[in-house]
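Worksheet: the structure to be examined is printed underneath.
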Amino acid sequence: MPKKKLPNIILIVLDTARAKSFSCYGYHRKTTPNIDRIAEEGVLYKWCFSPANWTIPSHASLFTGLYPSEHGCHWGNPFLDENIPTLPELLRSVGYRTVGISCNGLVSKLYGFHRGFDLFFELWTPDLFPDLEPLPGKTAKDKIASLFKLIPIHPNRAVKYAARAICRKFRFRGTVLTNSTPWTLRAFKSAREILRGIASDTPLFLFVNIMQSHYRYNPPRETKGKFGSNGFRYESFLTEPYQYYLNLLKPTGSVEKMWYILTALYDEELFFADLCIGQFYEFLKISHLLDRSVFVVTADHGEMLGEHGLLDHWFSSYNELIQVPLIIRYPGAMQRSVISDLVQTHDLFGTVCDIAGLPYPTPMGLVSLVGTQRRRWAFTQDIDPLVDVLALRRRQPEWSSDGWWCRPHMTAVNSELRKIVKTTDGRILCFDLSQDANELHPKVPPLVDEDLLKLITELEDTYNWSRAVKSCEEMLLNSKLGG
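Here it is as structure tokens:
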């Protein structure tokens, strides 16, 4: 019997992209017209939750199929455990070429996320033209002299040296956080080059992380002002989230205006990310690769833009932060549809294992999206908010907050869309997402249903939650972060 031909698997992760802001998820602005079209050709999962609310644990879950308390990746120990098999390793074992392209410095070789990739491109580096050799000369004066000697011989190379020197001198203007657009363009250019160079009979796993919707929001000219930012820059309001949480923020005009402008900037960044994804999607069509590929668009986590008085993705497990988009196009195997069942981003681990025929046992609590099993619950863990609390207290020692989101907490959503949050100091909140999608009306004991209390207790025990939190906090307090 001839061996089944394996499809390419193309996984695009939009860093910090909340489902709430996608037009295909009901947003009032047309922020994602290209992704909307992809969703119409594939499957959109309406209720997809990340297992964590920030980059490292959520990507670790994506690559291992495990919850944070299982894989142990958090700020106390951000390194991916070498003893846990990763999705790229497993795919490579059955003949896939594996390529990773990361614009995020946390999804990097330093933390072990390159493991299993044949090629792993770290585009987040702030250096322009990292392939250039150092200019000859011991002093700055000598190097400048070398540069001038190079101009008549290799003018283009001389310009690259000068550009790199300027970037290093004014690095804060040229990182992926302050202007993500060049890195997004490079990511998709690299992806196209990889796909052009791969043999047609070799299946490819391609992972791409882009940072376009990550702060600080600085949309490019193509989309700037489209949704009302009207010339404002993120820096007009704040440069780091800690300024907001320490009450150092003094916005011009009302706070409501600040949130409006930040949301507009965010939406304009998302619109550009969508534009780039649309162009890449068309490239796959023209190259006759699309129908031979599983094409996935998702996010590692979302973002708070003023909801509940919160900013960025430092704290909480409100839906703005943990409900993310998930769209899959898999011709011949997944019919066009909108799925209202609960799913989680790391269900992609089991899904890809099934698609590739990998003989690997599905981790506990995981489902395959090409199987028949359905989730009874989605589970999110915030193990390490202490790192952000410590960061704020280093700047302002007396800083404190009574917010539940400052404590480690677990969040579970059941199949009836009832959501429960439990903190390590015993607080419990419950939301009915079917009636209260914005989570404005929490219930607290004794008004919380007994079945929800039972569910969160079972998950707490099953996934060794208390032990994971204790271990993380000990690591943080014993590290330089706690000093």
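Residues in the sequence shown are numbered consecutively from 10, following this note's numbering.
We put the beta carbon where it would ideally sit given N, CA and C, even for glycine.
In the DSSP assignment, L279 falls outside any beta strand (DSSP E) and lies within the alpha helix (DSSP H) extending over 264 to 295.
When beta bridges are read from the DSSP output, R106 appears opposite L213. Minimum Cα-Cα distance from S377 among the listed residues F358, R195, L15, L462 corresponds to F358. Separation of the CB atoms of L456 and I429 is rounded to 12 Å, and the pair is thereby denied contact status at 8 Å. If you look at N17, you'll find it in the beta strand (DSSP E) that goes 17 to 23. The Cβ-Cβ distance between I47 and I364 does not fall below 8 Å. Of N423, P16, V361, A400, the smallest CA-CA separation from R385 is found for N423.
For A196, the enclosing alpha helix (DSSP H) covers residues 190 to 206. Counting the other CB atoms within 10 Å of its CB gives E329 a total of 16 or more, which places it among the buried residues. Counting C-beta atoms within 10 angstroms of its own C-beta, T73 has 16 or more neighbours from the protein chains shown and is therefore classed as buried.
Here T433 carries a coil assignment [DSSP, helix/strand/coil]. Less than 8 Å divides the Cβ of V305 from the Cβ of L20. In the assembly as shown, E277 is a buried residue. Its beta-carbon has 16 or more other beta-carbons within 10 Å. One thing to note: C57 has its Cβ within 8 Å of the Cβ of Q353. Of the other Cβ atoms in all chains shown, 16 or more fall within 10 Å of the Cβ of A273; this residue is therefore buried.
The Cβ-Cβ distance between N43 and Y226 does not fall below 8 Å.
For the 8 Å CB-CB criterion, V361 and L71 do not form a contact.
The residues L15, A365, G366, L367, in chain order, have a CB closer than 8 Å to that of V103 in the same chain once the five nearest residues on each side in sequence are set aside. DSSP, reduced to helix, strand and coil, places M419 within a strand of the structure shown.
Of the candidates G51, W63, K13, W63 places its Cα closest to the Cα of R27.
The C-alpha of D321 lies about 20 Å from the C-alpha of Y34. Around the beta carbon of A387, a 10 Å sphere encloses 16 or more other beta carbons of the protein chains shown; the residue is thus reported as buried. P94 is the residue among G318, P94, G51, F126 whose C-alpha sits nearest the C-alpha of T371. By the neighbour-count criterion, in which 16 or more other beta carbons inside 10 Å mark a residue as buried, M313 falls on the buried side. Around the beta carbon of G341, a 10 Å sphere encloses fewer than 16 other beta carbons of the protein chains shown; the residue is thus reported as exposed. Within the stretch 26 to 104, complete beta strand (DSSP E) segments of at least 3 residues are found at 52 to 58, given in chain order. Runs of the beta strand (DSSP E) lying entirely within the stretch 327 to 355, each at least 3 residues long, are 335 to 338, 346 to 353 in chain order. According to DSSP, N218 shares a beta bridge with V22, S111. Only residues of its own chain outside the window of five on either side were considered, and among them P16, N17 have a CB closer than 7 Å to the CB of R301, listed in chain order.
Exclusion of the five residues before and after L468 leaves W386, F388, M419, A421, W474 as the residues of its chain whose Cβ lies within less than 8 Å of its Cβ. Within the same chain, and ignoring the five residues on either side of T232 in sequence, the residues whose Cβ sits closer than 6 Å to its Cβ are E277, F280, F281. Secondary structure at W414: helix, using DSSP grouped into helix, strand and coil. Taking all protein chains in view, the Cβ of Q390 is crowded by 16 or more other Cβ atoms within 10 Å, so the residue is classified as buried. As computed with DSSP, D391 is found in a beta bridge with H418. Across the set I337, S296, G315, the C-alpha of I337 shows the shortest separation from the C-alpha of V303. Here G374 is near Y76, since their CB atoms are less than 8 Å apart.
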